[in-house]
Amino acid sequence: MYKQLSDCLGLNYLSIPLQADDFDLDLPVMLEAIKTHQPSVIFLAYPNNPTGNLFSHSAILQIINIAKGLVVIDEAYAPFANASFIGSLPAHNNLLVMRTVSKLGLAGLRLGYVIGRPAIIEQLNKIRLPYNINSLTQLSANFALCNHSIFDHQTLKICEERSLVFKQLNALAGIKAYPSAANFILFKTAAEQATRIFLALKQQGILIKDMSPQGSLLKDCLRVTIGKPEENEAFITALKYCL
Ligand SMILES: Cc1ncc(COP(=O)(O)O)c(C=O)c1O
């Protein structure tokens with residue numbers, strides 16, 4: 239989305255490939271690119287989508303320290319991660335943290351928010367469209383916040399299920415699941431099998447995400463979102479059948 243939005247706005251967009259072995263930030267390349275291009279804004283997803291990992295905390299801090307522009311940490315999946323840069327906000331005047339209620343199961347509300355220093359928020363408010371959050375969304379979000387224990391419980395359950403699915407995936411021959419701090423798991427199939435497996439699962443009524451067309455580090459990769467226990471069980475059973 240960041241590339242798509244940058245392209246729509248006619249902005250220069252530069253992405254830096256992650257390290258191949260662990261999907262972490264390639265810090266030397268990032269720091270060099272920052273020095274060369276002096277970006278006005280850097281977006282880092284924490285946890286990252288679709289790899290699911292948390293980038294190195296110290297690498298992100300180095301990026302925040304060297305960047306002259308804004309660094310926006312996209313914490314869409316933070317509820318599943320137990321990690322955040324909100325605590326680092328007071329120490330850095332170029333840091334913003336962005337969140338959404340989407341991953342809590344409220345994607346239809348279309349509600350996101352940004353946390354940062356009043357001086358930056360004041361500037362963002364100048365360019366925010368008037369009435370950009372409708373009344374129904376506001377009411378629903380208020381209701382959700384008043385009942386946050388339901389969401390906390392759901393999040394906990396998803397994290398427990400994630401551990402189970404991770405173990406089950408890695409127990410399958412030809413599958414390598416990557417550790418995830420999000421509500422999905424990225425996994426690698428045998429060479430050139432990802433799309434076949436994706437389609438076979440779809441035929442059995444199970445829709446996951448085929449990442450393999452993106453190539454590069456995502457070659458042969460699929461991404462499954464953690465669901466209810468019975469959905470996860472159905473996925474694993476169907477996957478065994480497809481291998
Ligand atoms: C990393 C990341 N950030 C933000 C979002 C945006 O979520 P939404 O537009 O539903 O708030 C997504 C959605 O998939 C995401 O993967």
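Each position in the sequence shown, counted from 1, maps to that position plus 238 in my numbering.
Here a beta-carbon is modelled for each residue, glycine too, at the ideal position from N, C-alpha and C.
| query | result |
| --- | --- |
| How about Leu269 and Ile302: are their beta carbons less than 8 Å apart? | no |
| Distance, Cα to Cα, Lys405 vs Lys364? | 48 Å |
| Does the Cβ of Asn287 lie closer than 7 Å to at least one heavy atom of ligand 1? | yes |
| Which same chain residues, not among the five before or five after Lys457, have their C-beta less than 7 Å away from its C-beta? | Ser450 |
| Considering just the uninterrupted stretch of the alpha helix (DSSP H) at Asp390, what are its terminal residues? | His386 to Asn408 |
| Following a CB-centred definition, is Asp448 positioned closer than 7 Å to any heavy atom of ligand 1? | no |
| Would you tell me roughly how many angstroms separate the C-alpha atoms of Ile435 and Val279, rounded to the nearest one? | 38 Å |
| Just to check, is the beta-carbon of Ala345 closer than 7 Å to a non-hydrogen atom of ligand 1? | yes |
| Taking DSSP as the reference, what is the three-state secondary structure of Lys306? | coil |
| Any heavy atom of ligand 1 closer than 7 Å to the Cβ of Ser253? | no |
| In whole angstroms, what is the alpha-carbon distance linking Asp259 and Gly346? | 35 Å |
| Would you say the beta carbon of Gly465 comes nearer than 7 Å to a heavy atom of ligand 1? | no |
| In angstroms, rounded to a whole number, what distance separates the CA positions of Leu460 and Gln392? | 24 Å |
| Have a look at Gln452, Gly453 and Ala314 and flag the residue whose alpha-carbon is nearest the alpha-carbon of Ala290. | The question names Ala, but residue 290 is Gly in the sequence shown. Taking only the C-alpha atoms, the option nearest Gly290 is Ala314. |
| Run the proximity test for Ser340: is its beta-carbon closer than 7 Å to any non-hydrogen atom belonging to ligand 1? | yes |
| Give me the Cα-Cα distance between Ile396 and Gln300, rounded to the nearest whole angstrom. | 32 Å |
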